[in-house]
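See below for the structure under consideration.
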Amino acid sequence: MKTYGTKCSGCGIGISPNELVRRARDDVYHIKCLKCAICGRQMSTGEQLYINQHNQYICQVDYQNSISSTNTSLNDQSLTSKSKEDTGALRNSINYL
């Protein structure tokens, strides 16, 4: 395998020209290496992905769970206005791909 070729964004190992890959944005992954950063589940081709505030890919289920828990927290009357702002920032920091 060439040492100067494309490297997997997940594991960092080179990708040979005859290997199947998955792409997300500008990243290239071995099929097995594109995984949800939260649950570790392998992503499927065509599946909707989201990017969290750390530029990690997350699956739709975990994205929906994070939004649901954020909404639950926003409805809690014991939250201060500062923590409500932080929760809003978290919601805005997750991008849809």
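Position 88 (the sequence shown) corresponds to 471 in our numbering; numbering is contiguous.
Even for Gly, the Cβ is constructed at its ideal location relative to N, Cα and C.
- The beta carbon of Ile398 is closer than 8 angstroms to those of Gly388, Thr389, Lys390, Cys391, Val404, Val411, His413 in its chain, skipping five residues each way along the sequence.
- Under DSSP, Asp410 takes part in a beta bridge, and its partners are Ala407.
- Ranked by how close their Cα comes to the Cα of Gly429, the residues Ser449, Cys442, Asn438 have Cys442 in first place.
- Here Cys422 has Cys442, Asp445 as same chain residues with Cβ atoms under 7 angstroms from its own Cβ, once five neighbours each way along the sequence are excluded.
- DSSP places Leu432 inside the beta strand (DSSP E), whose first and last residues are 432-434.
- In this structure, the alpha-carbon of Pro400 lies about 43 angstroms from that of Ser452.
- Counting along the chain, the unbroken beta strand (DSSP E) around Ile441 starts and ends at 440-442.
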